[in-house]
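The next block holds one structure in the form of structure tokens; read it before the comments.
In UniProt numbering, the protein residues as written are 1 to 651.
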């Protein structure tokens, strides 16, 4: 019988294949994903399948301890899949509509774009960050930024996207048209999501026909590729907008305070700290459980469960049925919703979202949970004076939570964890404690090795290894590796210990290596040698006449800038220029098999044996070609004999 984690994984797979089946489903998902833009795609999908109207989610402990809010009776947790340990397990978050609060409770701040106040500030911030003018209005600016990000994402992930087209409607397309479809689908999806989060009506700007390219992404792998691109791009833009609005509101409040002698009205909610602008999104993305842009302990840090994991192939299950309750929520001041901005829980400044017990008003087929899946984490709906042990709820009752919050020390849930996946990944990326250990680990996973071989290799590579560790939140602890236990990651305060078996370490290392997140960009580039670059340039897939043409340009004494432009002109991958062969397999200098392809910025080379990866710009490429010409190695004897006498035109 499948475990609950497996059932939820199957539910996510099924949801993925459904959301690109229609315009209504996809735009409904985009709207939810835009509200939850700090989450990675796979968890946006899980939340959409269970609670498409969710607005601000966090784990039980965070609601109790940081926000001083209690979770209501009967509330169902939203299941997310956590792969921190050796086996996938479920962790749960609750939407703000599942919580209540009192006088000292904090409420999430969800920024709201108001054109009459924020237009100039937001437009300027976007123009400064993306170098895209807003002179034609915010919708036009967002659409142009979306197109720019879609192109950049394709340039960075072209090879990975081309690898997942099998079985989808994209399968019959060549590389050029896969790129066109991806960029079109990503651009319209990012634009729609951005407009939705900014309070614009994207349906005024887009029609059903604009999303035809999306429908080609009809497998879970293809949807994940598109969804991840949309999710990461949304976060990049919406963070900038959120920071701009927060800075505007903060300055406005400070000005009002200086003018009228008032206390700044900064959405503090009893001392809430200001948000800190982040430096950008890491490869694993932001954590779920983040209730807002500036909630303490959640806005910039990563909580457990932040890493996107590749879903294994599974058999799909039927679409989950609705699980909403018919009962009414308690009324009163405690029922403030997530759209309220600022103040304590005694007043309302906006409309609350759909409540947990409300009717299903989301688009048909977009989820709502499965009673068989969701029943495993529900707060006890009643509080009898004597409850049999077998019926005890996993969490304390409302009364116990409220009493604990009032006393200033929240009741703890079972199995608290202050060690995040980001901490584990940072430790694994640190290496094995020996010279070139990371490179050996990376090279090992380029081969087809089973788990038994991997565990034996890792035990030998790490040996006994112990060192101090600084956690992502600044806390201190240590890490210890032993052959019998694997990794022990211990935190001093609050005292916390997590153990990873060698099988779990093997699984996570495989994921990091596959996602190119184990080695740094510099470490990956070091695995591609100058001899490898020279081998690519000399072979050039035997395209007739291309190298001879390039040689003529160098012989004509063109400037470095002209040579760079000339090389770009013959290798460019723009849709209106289709050069003969700009990507494919190549034999590298050491006899290893490689793969290379040209993009607007240059050529990207991968060593298929050691996993090395490097991008070489056209300027650097020109230097390599000049050195090959000077040493007489650029043209083969056969090409030299066939050299055309007439000069090539100057580009």
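We put the CB at the ideal spot given by N, CA and C, even for glycine.
### Message
Taking only three categories from DSSP, how would you classify residue 71?
### Response
Looking at residue 71 - three-state DSSP - the assignment turns out to be strand.
### Rounded separation between residue 168 and residue 256 - CA only
Residue 168 and residue 256 have their C-alpha atoms some 57 angstroms from each other.
### Query
How should residue 607 be labelled, buried or exposed, when 16 other C-beta atoms within 10 angstroms of its C-beta is the threshold for buried?
By the beta-carbon neighbour count (other beta carbons within 10 angstroms, threshold 16), residue 607 is buried.
### Query
Which stretch, first to last residue, makes up the beta strand (DSSP E) that contains residue 652?
This structure leaves residue 652 out entirely; the chain is present only between 1 and 651.
### Query
Helix or strand or just coil, what does DSSP make of residue 356?
Legend: pLDDT at residue 356 = 31, less than 50; position of this residue unreliable, value from coordinates given subsequently. Coil.
### Query
Given a threshold of 16 other Cβ atoms within 10 Å of its Cβ, counted over all protein chains shown, does residue 368 qualify as buried or as exposed?
Its pLDDT being 40, under 50, residue 368 is placed unreliably by the model, and nothing is read from it.
#### Entry: Between the CA atoms of residue 522 and residue 640 - distance to the nearest angstrom
Between the alpha carbons of residue 640 and residue 522 lies a distance of about 36 angstroms.
### Query
What residues are listed by DSSP as bridge partners for residue 615?
Residue pairing from DSSP places residue 615 in a beta bridge opposite 604.
### Task
Flag this pair as yes or no: are the beta carbons of residue 41 and residue 231 separated by less than 7 angstroms?
Contact flag set, yes.
### Message
Here's a check: name, in chain order, each residue in its chain whose Cβ is nearer than 6 angstroms to the Cβ of residue 462, leaving out the five neighbours to either side.
### Response
Taken in chain order, the residues that qualify are 432 and 481.
### Task
On the DSSP bridge assignment, give the partners of residue 99 in chain order.
Checking the DSSP bridge columns, you'll see residue 99 partnered with 71.
### Terminal residues of the beta strand (DSSP E) in which residue 526 lies
Under the DSSP assignment, residue 526 falls outside any beta strand (DSSP E), being part of the alpha helix (DSSP H) whose first and last residues are 521 to 526.
### Message
Going by the DSSP bridge assignment, what does residue 58 pair with across the sheet?
### Response
Bridge partners of residue 58: 94.
### Query
Using the rule of at least 16 other Cβ atoms within 10 Å of the residue's Cβ for burial, across every protein chain shown, is residue 518 buried or exposed?
With 16 or more Cβ atoms within 10 Å of its Cβ, residue 518 is classed as buried.
### Query
At which residues does the alpha helix (DSSP H) containing residue 464 begin and terminate?
Careful: residue 464 lies outside any alpha helix (DSSP H) and carries neither H nor E.
### Query
Over what stretch of residues does the beta strand (DSSP E) that includes residue 490 continue unbroken?
That run of the beta strand (DSSP E) goes 486 to 491.
### Query
Which one or two residues does DSSP pair with residue 196 in a beta bridge?
Paired residue(s): none; residue 196 is not in a bridge.
### When 441, 55 and 560 are compared against residue 34, the one with the closest alpha-carbon
For the set 441, 55 and 560, the Cα lying nearest the Cα of residue 34 is the one of 55.
### Query
So, is residue 460 buried or exposed, given that buried needs 16 or more other C-beta atoms within 10 angstroms?
Under this definition residue 460 is an exposed residue.
### Task
With DSSP as the reference, label residue 480 as helix, strand or coil.
Strand at residue 480.
#### Entry: DSSP state of residue 496 mapped onto helix, strand, coil
DSSP places residue 496 in strand when its eight states are reduced to three.
### Secondary structure of residue 458, DSSP reduced to three states
In this structure, DSSP gives residue 458 a helical state, which the three-state scheme calls helix.
### Counted within 10 angstroms of its Cβ, other Cβ atoms place residue 136 as buried (16 or more) or exposed
Exposure of residue 136 is indicated by the presence of fewer than 16 other C-beta atoms within 10 angstroms of its C-beta.
### Query
Going by other Cβ atoms of all chains shown within 10 Å of its Cβ, with 16 needed for buried, is residue 100 buried or exposed?
With at least 16 other beta carbons inside 10 angstroms of its own, residue 100 counts as buried.
### Task
Determine the DSSP secondary structure at residue 300, reduced to helix, strand or coil.
Here residue 300 scores only 30 on pLDDT, less than 50, and its place in the model should not be relied on; the value that follows carries that caveat. In this structure, residue 300 counts as coil in the three-state DSSP scheme.
#### Entry: Sub-7 angstroms separation of residue 32 and residue 214 beta-carbons
No. Outside cutoff.
### Message
For residue 310 and residue 194, what's the separation of their Cα atoms in angstroms?
### Response
With a pLDDT of only 37 at residue 310, under 50, the local geometry of the prediction cannot be trusted, and the value read off the model is given with reservation. Roughly 26 angstroms between the two C-alpha positions.
### Message
Starting from residue 586, trace the alpha helix (DSSP H) in both directions and tell me its first and last residue.
### Response
Residue 586 -> not in any alpha helix (DSSP H); beta strand (DSSP E) instead, spanning 583 to 587.
### Task
Would you check if the distance between the CB atom of residue 127 and the CB atom of residue 134 is smaller than 7 angstroms?
For the pair residue 127 and residue 134, the CB atoms are nearer than the 7 angstroms cut-off.
### Message
Please identify the residue among 165, 179 and 206 whose C-alpha is closest to the C-alpha of residue 222.
### Response
The candidate whose alpha carbon is nearest that of residue 222 is 165.
### Query
In terms of alpha-carbon separation, which member of 98, 37, 79 and 44 lies closest to residue 652?
There is simply no residue 652 to check, as the chain begins at 1 and stops at 651 in what is shown.
#### Entry: Span of the beta strand (DSSP E), counted from its first residue to its last, around residue 593
Here the beta strand (DSSP E) through residue 593 covers 593 to 599.
### Message
Among 507, 495 and 486, whose alpha-carbon lies nearest the alpha-carbon of residue 501?
### Response
Among 507, 495 and 486, the Cα nearest to that of residue 501 is on 486.
### Query
In three-state DSSP terms, what is residue 119?
Helix at residue 119.
### Query
Taking buried to mean at least 16 other C-beta atoms within 10 Å of its own C-beta, is residue 13 buried or exposed?
Burial call: buried.
### Task
Please confirm whether any heavy atom of the ligand COA lies closer than 6 angstroms to the CB of residue 78.
With respect to the ligand COA, the structure offers nothing, as it holds no ligand at all.
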